[in-house]
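Residue numbers (the working numbering), protein chains in the order written: chain D, 2 to 349; chain C, 2 to 349.
C-beta: ideal position from N, C-alpha, C; glycine also.
Notes follow once the structure below has been shown.
There are 2 protein chains.
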Amino acid sequence: MPEFRQDPITQNWVIISTERAKRPSDFVSSKDREQKEKATIKDTCPFCPGNEEQTPPEVFALRSPNTRADTPGWQVRVVPNKFAALLPKEKGREQKVGLYRSLPGKGVHEVIIEIPEHEASFPNYPPRQAVRVLQAWRQRYLQHSQQGDLKYIQIFKNQGQIAGASLEHPHSQLLATPLVPPTVAQEIRRAQEYLKEKESCLFCDLLEREMQKGVRVVAFNKKFLAFCPYASRFPFETWIFPWQHQSHFGEIEDEQLEDLAAIIQDVLGRLQMALQDPPFNLVLRSAPVNEETEETRGYHWHFELLPRLTTVAGFEYGTGIYINPTPPELAAQFLTQANKEDENDGET
Amino acid sequence: MPEFRQDPITQNWVIISTERAKRPSDFVSSKDREQKEKATIKDTCPFCPGNEEQTPPEVFALRSPNTRADTPGWQVRVVPNKFAALLPKEKGREQKVGLYRSLPGKGVHEVIIEIPEHEASFPNYPPRQAVRVLQAWRQRYLQHSQQGDLKYIQIFKNQGQIAGASLEHPHSQLLATPLVPPTVAQEIRRAQEYLKEKESCLFCDLLEREMQKGVRVVAFNKKFLAFCPYASRFPFETWIFPWQHQSHFGEIEDEQLEDLAAIIQDVLGRLQMALQDPPFNLVLRSAPVNEETEETRGYHWHFELLPRLTTVAGFEYGTGIYINPTPPELAAQFLTQANKEDENDGET
């Protein structure tokens, strides 16, 4: 049974996820196992059309008319994660025994299979397919927002083994938690302080400054701005913000979806071209759900794209301070100059 | 010139380290470069005796009588990092322009070369050599504590490429910063709250409980306790605390050094045996320096050992919540049962 535990010293939460329980012996000779897993993937990928029975039954899909659930004919398919870190039916309540505080590991863990083609890559999806992925993200976000006991919905995409992807077939994930992550809580507090002091939105102000300065801008369109943040933790880190102030990703409108799909494809395409398909995490930041207050409405949802070209090591874990060898101004310049047209030639 | 930058939203600090500047093109075809670097290491390791001219001049060494600096004859050798993330002579002052705050990247970055033998491994050092490494750590800690403009001294050891080690030869590092890391500041605040509420030390209480319960204890001796923390972020994460309340690592006494060396060797030996030499980060947590207050004296220094068997991915970066598939109680049981004697047979 998965469990949230809070550290008595740092106050940070972890999920002890026994569903994906690794016995200590599973970590021994991990290289052999990886080789083996890779072979299995090529033979029978559980995310490829025709292998639908290898996943739990689908909870949502965009599919061709007159095709049945859990059969081919889908464009995007959402299924519960087979090795879920959190479980929807988890029972129990908060416990506090002396220094030790825990919560049942109740929540949602889903996989969004983004496209039928095993070898496809997000920047090269047909534009309409990229929009479909975002539609699926929005649908799942809104669906889980209605569950009163969930407080946060984390959508993310890991690409490449170094970035945590265990399967090659293009997919993203959704994890919904019964608590507000400390990262988001901290940003909300900061935005409130700023609002009180300046009487304007920290996020909206930041977008305006970045656009004015221009040196860290990677791309923009009518609805979105992509820039390398001033204090980038990772080389080529890029944030994608809607111009319009919206606290929840679930508020995204149809006419924004196309522009968001286009700018994600654009930025990922530049990254793929310039840095030869680097591993990355693409991470949603959004307001907590079921906590409608002035504070949470002050939040401004966005995506953080974190290329994994450097190694997070002892100094970062000790201090929480990241060392980044590439100034964001240089990264932005390099990405804006990357000619992604070259790469798209001859690609599907 | 390296620079600290504070993120206007998260308030987190990063170091933009232009001394180790990576041009974007350096990230392309990184696999080829790694292969090449590895070959170079075997041919001429800059940390091996006889190659002393390949490093900056030594700033400290434990060496045999009548041997000259920067020549063979040392047991432990400390040199400035050739690719320093922070520089001692960095000039300038804090800047705040609109939303953007920065500090000059002034600080210290040193490498502690732990042993002359290239192939040695910490758990298998002669016990006296392990003590020498700690003596060097303490000497450097105390040395830099005397610089009034430094606020924190981070000692850490990265082992294995996945954990950030770029050279194989056994070494550790020291980075001293002009600001107090947010991780440590948060722990100090929490310890103060606890002190006000319970009138006792959070850390001392935690040690006592862990020893009583026993289920997470990995090893202990007269001066130190090693246990897997209740909310472990990583499988087999282990913390090593002195029983005695000391806020600074620099306060460690001669008679503690031997017990600390012994327990680090013991724990790392168990890890090496049980998990076939996994990559890890070993990270000091200690009170800020040059900030003697009631709050900082309430801190209790310790080491955190973080094996890198899992991948930190999108969910962790989005939420700050780690998913750990191995309960610490199971990890502790496995480590206590690891028979490290077997492995030491036939090793030097």
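Would residue i be called buried (16 or more neighbouring beta carbons within 10 Å of its own) or exposed?
i: C:Ser167; result: exposed
i: D:Asn52; result: exposed
i: C:Glu292; result: exposed
i: D:Val98; result: exposed
i: C:Ser233; result: buried
i: D:Ser248; result: buried
i: C:Pro124; result: buried
i: C:Gly299; result: buried
i: C:Pro58; result: exposed
i: D:Gln257; result: buried
i: C:Asp150; result: exposed
i: C:Lys158; result: buried
i: D:Arg139; result: buried
i: D:Lys107; result: buried
i: C:Gln7; result: buried
With a threshold of 7 angstroms between beta carbons, is residue i in contact with chain C?
i: D:Gln247; result: no
i: D:Leu151; result: no
i: D:Arg94; result: no
i: D:Tyr300; result: no
i: D:Pro182; result: yes
i: D:Pro328; result: yes
i: D:Gly165; result: yes
i: D:Thr312; result: yes
i: D:Pro25; result: yes
i: D:Arg271; result: no
i: D:Phe250; result: no
i: D:Lys32; result: Caution applies to D:Lys32, whose pLDDT of 49 falls short of 50 and renders its modelled position unreliable; the value that the coordinates give is listed next. Chain C contact via Cβ: absent.
List, in order along the chain, the chain D residues whose C-beta lies closer than 8 angstroms to that of residue i?
i: C:Ile16; result: Ile322, Tyr323, Ile324, Asn325
i: C:Thr45; result: The contacting residues do not exist; C:Thr45 stays about 23 angstroms from chain D at best.
i: C:Leu306; result: Near C:Leu306 there are no residues of chain D at all, since even the closest Cβ is about 10 angstroms away, more than 8 angstroms.
Consult DSSP for residue i and reduce its assignment to one of helix, strand or coil.
i: D:Val132; result: helix
i: D:Lys197; result: helix
i: D:Glu1; result: A query on residue 1 of chain D cannot be resolved here, the shown segment of chain D reaching from 2 to 349 and no further.
i: C:Lys107; result: strand
i: C:Gln7; result: strand
i: D:Leu88; result: strand
i: D:Gln245; result: coil
i: C:Glu296; result: helix
i: C:Arg24; result: coil
i: D:Gln257; result: helix
Tell me the DSSP bridge mates of residue i?
i: C:Pro173; result: In the sequence as displayed, the identity of residue 173 of chain C is Ser instead of Pro. Answer is C:Ile113.
i: C:Ile350; result: This structure does not reach residue 350 of chain C, given that chain C is present from 2 up to 349, and the question cannot be answered.
i: C:His303; result: C:Arg286
i: C:Trp75; result: C:Arg64
i: D:Asn159; result: D:Asn282
i: C:Lys83; result: Answer is none; C:Lys83 lacks a bridge partner.
i: D:Ile154; result: D:Ala177
i: D:Val98; result: D:Tyr101
i: C:Gln338; result: DSSP, once it has assigned bridges, lists no residue as partnering C:Gln338.
i: D:Val219; result: Answer is none; D:Val219 lacks a bridge partner.
i: D:Glu240; result: The amino acid at residue 240 of chain D is misidentified as Glu; the sequence shows Trp. The partner list for D:Trp240 (beta bridge, DSSP) reads D:Phe228, D:Glu305.
Just the chain C side, please: which residues come within less than 8 angstroms of residue i by C-beta, in chain order?
i: D:Asp8; result: Pro230, Tyr231, Ala232
i: D:Gln187; result: Thr11, Gln12
i: D:Thr1; result: Residue coverage of chain D in this structure runs from 2 to 349, which leaves residue 1 of chain D outside it and unanswerable.
i: D:Ala332; result: Pro25
Counting only beta-carbon separations shorter than 7 angstroms, does residue i have a partner in chain D?
i: C:Tyr142; result: no
i: C:Arg217; result: no
i: C:Ala86; result: yes
i: C:Gln338; result: no
i: C:Leu176; result: yes
i: C:Phe281; result: no
Can you list the residues of chain C that residue i reaches, using a CB-CB cut of under 9 angstroms?
i: D:Lys158; result: Gly315
i: D:Leu207; result: Pro9, Ile10, Leu100
Output, in chain order, the set of chain C residues within a Cβ distance shorter than 7 angstroms of residue i.
i: D:Val284; result: Gly315, Tyr318, Gly319
i: D:Arg129; result: Here the premise fails: no neighbours, minimum Cβ distance about 25 angstroms.
i: D:Gln155; result: Phe316, Gly319, Thr320
i: D:Phe335; result: Pro25
So which residues of chain B does residue i contact, with C-beta pairs closer than 7 angstroms?
i: C:Arg210; result: In the structure shown, chain B cannot be found, because the protein chains are D and C.
If the cut is a Cβ gap below 9 angstroms, which residues of chain D does residue i touch?
i: C:Asn52; result: What C:Asn52 touches in chain D: nothing, since even the nearest Cβ is about 24 angstroms away.
So with CB distances below 7 angstroms, who are the chain D contacts of residue i?
i: C:Ala275; result: Pro25
i: C:Arg191; result: Ile10, Gln12
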